[in-house]
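A short worksheet on the structure shown next.
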Amino acid sequence: MPLQDNDRYLTWSQLGLTQQDDGLVSNVGVGQRWARGSWLVGYNTFYDNLLDENLQRAGFGAEAWGEYLRLSANFYQPFAAWHEQTATQEQRMARGYDLTARMRMPFYQHLNTSVSVEQYFGDRVDLFNSGTGYHNPVALSLGLNYTPVPLVTVTAQHKQGESGENQNNLGLNLNYRFGVPLKKQLSAGEVAESQSLRGSRYDNPQRNNLPTLEYR
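Here you go:
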């Protein structure tokens, strides 16, 4: 949601709700983007809340986007102290970071590839939401996005942990843009423009909106 938009910079806000296995997650964020030559650079800050468990964290992000390459970095810091989950176990959001590079194919505008690395810190961090905790776990993710029309994106991702644990994810995203005629958003011929640096000015930042939890 643009708060201030002019030729020099964009100030935006974002609200989100996601239902996951651990409960309902809310995300509230603000950020700015501005043009620097052939790059779009920006920063953002988010407040993430796992509502059912009353666990919170702050997120701080930076981004540098080119015409065919997007670079993003995020750091996550828990706000809340340890909360009792059971009589013998406590939990909180984990502290960590992620780095992502996303590449757009110049010869086929409908495809994007991405590679990201993430690490969270703690003695028992459940990076894969599988019930198994690891010490300071690291994971590498490879992704492929297919956008047949600007409104729809199909995503596929393989996430591999250093422990040998892995995860495959498939997703379907709807990218509705207010103020843009629906006819354009359903036209395959508009994909190149929507994926361009100018057309992606209002895109959501690349970050992990779903929290990773740490236990003790």
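Residue numbering for the sequence shown follows my numbering, beginning at 731 and increasing consecutively.
For every residue, glycine included, the Cβ atom is placed at its ideal position computed from N, Cα and C.
Model, not experiment: these values are computed from the prediction.
{"query": "Local conformation of A817 per DSSP, three classes", "result": "coil"}
{"query": "Limits of the unbroken alpha helix (DSSP H) element including V921", "result": "921 to 925"}
{"query": "Continuous beta strand (DSSP E) assignments of at least 3 residues falling wholly in the region 875 to 922", "result": "882 to 891, 896 to 904"}
{"query": "Cα-Cα separation between T942 and Q762, rounded to whole angstroms", "result": "26 Å"}
{"query": "Classification of N896 by the beta-carbon crowding that lies within 10 angstroms, buried from 16 upward", "result": "exposed"}
{"query": "Close beta carbons around N938, own chain, < 8 Å, minus the five adjacent residues each side", "result": "N804, Y806, D828, E848"}
{"query": "F851 burial status per 10 Å Cβ neighbour count (16 or more: buried)", "result": "exposed"}
{"query": "Those residues which DSSP pairs with R763 across a bridge", "result": "L740, G772"}
{"query": "At least three beta-carbon pairs within less than 8 Å, the region 787 to 797 to the region 765 to 776", "result": "yes"}
{"query": "First through last residue of the beta strand (DSSP E) which encompasses S846", "result": "841 to 851"}
{"query": "Beta-carbon proximity of S756 to N784, cut-off 8 Å", "result": "no"}
{"query": "DSSP-derived helix/strand/coil call for L754", "result": "strand"}
{"query": "Identity of the residues DSSP links to S871 by a beta bridge", "result": "S846, K889"}
{"query": "G826 - containing beta strand (DSSP E), residue span", "result": "825 to 834"}
{"query": "Contacts around D782, its chain only, beta-carbon distance under 8 Å, and the 5 residues preceding and following it disregarded", "result": "D752, G753, L754"}
{"query": "Nearest neighbour of M731, chosen from Y798, L801, E944, Y932 [CA to CA]", "result": "Y932"}
{"query": "Inter-residue Cα distance where the pair is L912 and P836", "result": "25 Å"}
{"query": "S924 beta carbon less than 8 Å from that of E880", "result": "The sequence given here places Pro at residue 880; Glu does not occur at that position. Yes. Within cutoff."}
{"query": "Range covered by the beta strand (DSSP E) that runs through L733", "result": "732 to 735"}
{"query": "Separation of F809 from S846, as counted between CA atoms", "result": "25 Å"}
{"query": "Rounded straight-line distance, which links the Cα of T818 to that of T724", "result": "Missing from the structure shown is residue 724; the chain here goes from 731 to 946 and no further."}
{"query": "Helix, strand or coil at E783 [DSSP, three-state]", "result": "coil"}
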